[in-house]
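These notes concern the structure reproduced below.
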Amino acid sequence: MNEKIFSYINKAEEYYKKGDLKKALKYISLSAKYARYDGIDSVILEEITDRKKKIMEKMFIPLPKFFNNIYIWFIGLIFSIILIYFSLISYFPLSDIFFLFSIILLLATTHPFSHYLIASISRIKIIGVCLGGPLKLQPTLIVDYSTYFSSEKINRVIFHLIGPLSTIITSMALM
Numbered sequence: 003m004n005e006k007i008f009s010y011i012n013k014a015e016e017y018y019k020k021g022d023l024k025k026a027l028k029y030i031s032l033s034a035k036y037a038r039y040d041g042i043d044s045v046i047l048e049e050i051t052d053r054k055k056k057i058m059e060k061m062f063i064p065l066p067k068f069f070n071n072i073y074i075w076f077i078g079l080i081f082s083i084i085l086i087y088f089s090l091i092s093y094f095p096l097s098d099i100f101f102l103f104s105i106i107l108l109l110a111t112t113h114p115f116s117h118y119l120i121a122s123i124s125r126i127k128i129i130g131v132c133l134g135g136p137l138k139l140q141p142t143l144i145v146d147y148s149t150y151f152s153s154e155k156i157n158r159v160i161f162h163l164i165g166p167l168s169t170i171i172t173s174m175a176l177m
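If you're matching positions, the sequence shown starts at 3 in this note's numbering and goes up one per residue.
In structure tokens:
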């Protein structure tokens, strides 16, 4: 199994050098998947984590380390709720645009905050945040595979589900 993992790591590196970041990300993710099943040591998981971070930071827009903190996302969440409140109780020429901005800010902070909350409960370490991903504006979190794979499977499932679920619930609450 180690050979398969290292072949995926090498393929990821080849595609990274060619500039095909999508395929590089695919292969480094496959190497992590097989490393999980193989019970491979943490040194190799750290190497896979570092390579994935390198690919994602080149593929997406890396946010400063300042954003790699649950408290920042919580403050953003509270700030966006306050902005929504003030945009609803007052009227000024650009209040509709202000309201739309505050809704987008609420949705953009709810998603990563919920991931961070579950990660901190599950002891999953988040090592970076990028702006990008499938929806282009959403923050994408980079996890440390050593802590990710050492957490319970149910915690990993909840970690992945909580972001979209919180976004859906927030959207429905705003209707």
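For each residue, glycine too, the CB sits at the ideal point set by N, CA and C. Keep in mind that this is a model prediction, so the values were computed, not measured.
Quick check on the DSSP output: the alpha helix (DSSP H) that includes R166 runs from which residue to which? Here residue 166 turns out to be Pro, not Arg, going by the sequence shown. Looking at the DSSP string, the run of the alpha helix (DSSP H) that includes P166 is 155 to 176.
Find out if the Cβ-Cβ distance for the pair F69, V131 is shorter than 7 Å. yes
At what residues does the alpha helix (DSSP H) containing G134 begin and finish? Note, G134: premise wrong, no alpha helix (DSSP H); not H, not E.
When I46, I164, K28 are compared against S116, the one with the closest alpha-carbon: I164
Helix, strand or coil for L143 per DSSP? strand
What runs of the alpha helix (DSSP H), each 4 residues or longer, lie entirely inside the segment 18 to 94? 23 to 40, 44 to 61, 72 to 91
Does DSSP classify I128 as helix, strand or coil? strand
Taking three-plus beta-carbon pairs below 8 Å as touching, is the segment 31 to 40 in contact with the segment 65 to 79? no
Looking at the structure shown, is L96 part of a helix, part of a strand, or coil, going by DSSP? coil
Use the C-beta contact count for A175: other C-beta atoms within 10 angstroms, 16 or more gives buried, fewer gives exposed. exposed
Using 8 Å as the Cβ pair cut-off and three pairs as the minimum, do the segment 81 to 95 and the segment 149 to 161 touch? no
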